[in-house]
Every structure is written in C-alpha cells, then in structure tokens.
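Asks: End of the sequence shown sits at 117 in full-length UniProt numbering; the numbers just go up one at a time, nothing left out.
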Amino acid sequence: PLFIAYEADPSDSGKIHTNVRARWDAKDPEVLDAMKHFADLAVQARQALEARDHAKLCDLMDENFATRRKLYGDACLGPKNLRMVEICQRCGAAAKFPGSGGAVLALCRPSASGEEA
C-alpha cells in the first residue's frame with residue numbers, strides 16, 4: 001500500500017527551500033549535482049512503476065529522502081517532518097516528502113513472499 005501522512009500544523013514546510021534557490025543561481029556544484037540526481041531518480045522511479053517493481057521504487061524513495069536530507073540538512077527539514085519519515089521507516093516503509101514538507105508519502109515494502117509488509 002501507498003499512503004500519505006501529514007502534520008496537522010505544517011509549520012516546518014516553509015523552511016524547506018531556505019537557501020537552495022540562491023545556491024542554484026550561484027551554480028553551487030552540490031545543488032546542481034543533487035538536482036540532477038533527483039531527476040535521475042524520477043526517471044528510475046517511473047521505470048520501476050511501469051515494471052511494477054515495488055522493491056526498487058521503495059529503494060528510490062529512500063534515496064530521494066537521503067539526498068534531500070543531505071542537501072537541506074536536518075535543521076531545515078524540521079523535527080516534525082523528520083519524525084514522520086522515521087516512523088514510516090521504523091515500520092519498514094519507504095518514505096519521502098511529496099512536496100516541501102508537512103507530509104510524507106510512504107510505500108510499504110514487499111515481503112520476501114511477494115506480499116506487502
């Protein structure tokens with residue numbers, strides 16, 4: 001199953017793009033590389049969806065979140081957003097932000113038997 005969890009008070013969501021736009025405009029290599037990586041992940045995610053490869057899609061979602069966390073940092077992402085992702089991950093689901101924070105998109109990992117966890 002695919003599900004969305006959201007924070008009733010998404011106060012952390014406005015912080016997400018703090019200085020990344022300025023860094024993009026300045027051609028910061030870390031930001032340019034991360035944005036290219038996000039685009040590559042999107043292409044791979046589409047392929048995983050088309051192939052119905054849910055395990056691969058879970059891995060890509062986790063990689064998306066890890067890349068975002070590295071680029072923006074925990075202080076920018078905010079404790080509420082991080083907690084939602086950590087809860088999903090503790091339950092064995094892949095999780096990422098569907099936007100700028102305040103919500104997470106999670107996908108239950110397929111079990112070894114091929115059933116959803």
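Ideal Cβ placement from N, Cα and C applies to all residues, glycine included.
Consult DSSP for Cys108 and reduce its assignment to one of helix, strand or coil.
Replies: strand
Asks: With a threshold of 7 Å (Cβ to nearest heavy atom), would Cys76 be considered close to the ligand HEM?
Replies: Ligands in the displayed structure: none, and consequently the ligand HEM is not present.
Asks: In three-state DSSP terms, what is Ala26?
Replies: coil
Asks: Ordered along the chain, which non-local residues of its own chain (more than five positions away) have a Cβ less than 7 Å from that of Leu60?
Replies: Leu41, Gln44, Ala45, Ala48
Asks: With DSSP run on the structure shown, which of helix, strand or coil describes Ala8?
Replies: Shown here, Ala8 sits in coil according to DSSP, grouped into three states, outside any helix or strand.
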